[in-house]
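**Student:** Residue numbers (the numbering used here): -12 to 152. Just so you know, even glycine gets a beta-carbon here, dropped at the ideal spot from N, CA and C.
1. For residue 45 and residue 2, what's the separation of their Cα atoms in angstroms?
2. Applying the 10 Å Cβ sphere with the 16-neighbour rule, what's the burial state of residue 99?
3. Using a 10 Å radius around the Cβ and a threshold of 16 neighbouring Cβ atoms, would you call residue 122 buried or exposed?
4. My understanding is that residue 53 touches residue 67, with C-beta atoms under 8 Å, so please give their C-beta distance in whole angstroms.
5. Mind checking which residues open and close the alpha helix (DSSP H) that includes residue 22?
6. Apart from the five residues on each side of it in sequence, which residues of its chain come closer than 8 Å, Cβ to Cβ, to residue 95?
7. Here's a check: name, in chain order, each residue in its chain whose Cβ is nearer than 8 Å to the Cβ of residue 76, leaving out the five neighbours to either side.
8. Can you give the Cα-Cα distance for residue 24 and residue 80, rounded to whole angstroms?
9. Residues in its own chain within less than 8 Å of residue 38 by CB, not counting five upstream and five downstream?
10. Tell me whether the beta-carbon of residue -5 lies closer than 8 Å to the beta-carbon of residue 56.
11. Buried or exposed for residue -2, please, with buried defined as at least 16 other CB atoms from any protein chain shown within 10 angstroms of its CB.
12. Where does residue 33 sit, in a helix, a strand or coil, going by DSSP?
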């Protein structure tokens, strides 16, 4: 049984390493977003996508191992959680599984926070761009101008953008 648990620990270590790499990229992304370096941001997103593909492959391995464990422990597959496995493990294996669980929880939590920050920064940038475009493309005539006689006069303002198709 320890052999199967050690396989799981190995897979969890691989997942942790990949999530750590994703976290590093996400931290760098924050700076790139703030500085508005779109080309660098695109490269980082591509690098993240490659890592996500690796995580998916490792998740498949983890599912196979989980299946083996469910058979060995005679548990239903949907009952197998890391907490349940920790409860069924003993000695150093139990300690290793606890460490992996705590490490992954902490890392994923930090990653979620960082991704939320990056998402808000991108949204703010898009809102600013939208505001700037709307400012530059104000309507061609403004109806709130009054002449010397306090009569309304139409002043034509040329727009920088032609939105006609």
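**Tutor:** So, to answer that:
1. Here residue 45 corresponds to residue number 58 of the chain shown, with the count starting at 1. Here residue 2 corresponds to residue number 15 of the chain shown, with the count starting at 1. The alpha-carbon of residue 45 is positioned some 7 Å away from that of residue 2.
2. Here residue 99 is taken as the residue at index 112 of the chain shown, counted from 1. The residue is exposed, with fewer than 16 neighbouring Cβ atoms inside 10 Å.
3. Looking up residue 122 in the chain shown gives position 135. Residue 122 comes out exposed.
4. Indexing the chain shown from 1 puts residue 53 at position 66. Indexing the chain shown from 1 puts residue 67 at position 80. At roughly 5 Å, the Cβ-Cβ gap stays under 8 Å, so residue 53 and residue 67 are in contact.
5. Taking the chain shown and counting its residues from 1, the one referred to as residue 22 is at position 35. For residue 22, the enclosing alpha helix (DSSP H) covers residues -11 to 22.
6. Your numbering for residue 95 matches position 108 in the chain shown. Excluding residues up to 5 positions away in sequence, 6 lie with their Cβ nearer than 8 Å to the Cβ of residue 95 in the same chain.
7. Working through the chain shown from its first residue, we reach residue 76 at position 89. -8, 84, listed in sequence order.
8. Residue 24 sits at position 37 when you count from the first residue of the chain shown. Residue 80 sits at position 93 when you count from the first residue of the chain shown. When rounded, the distance between both Cα atoms is 46 Å.
9. The count along the chain shown starts at 1 and reaches residue 38 at position 51. Counting only Cβ-Cβ distances below 8 Å, and skipping sequence neighbours, we find 5, 8, 9, 12.
10. Here residue -5 corresponds to residue number 8 of the chain shown, with the count starting at 1. Here residue 56 corresponds to residue number 69 of the chain shown, with the count starting at 1. Against a cut-off of 8 Å, the Cβ pair of residue 56 and residue -5 comes out as a contact.
11. Taking the chain shown and counting its residues from 1, one reaches residue -2 at position 11. Residue environment analysis places residue -2 among the buried positions, since at least 16 neighbouring C-beta atoms fall within 10 angstroms of its C-beta.
12. As a first step, residue 33 must be located in the chain shown, where it is residue number 46. Here residue 33 carries a helix assignment [DSSP, helix/strand/coil].
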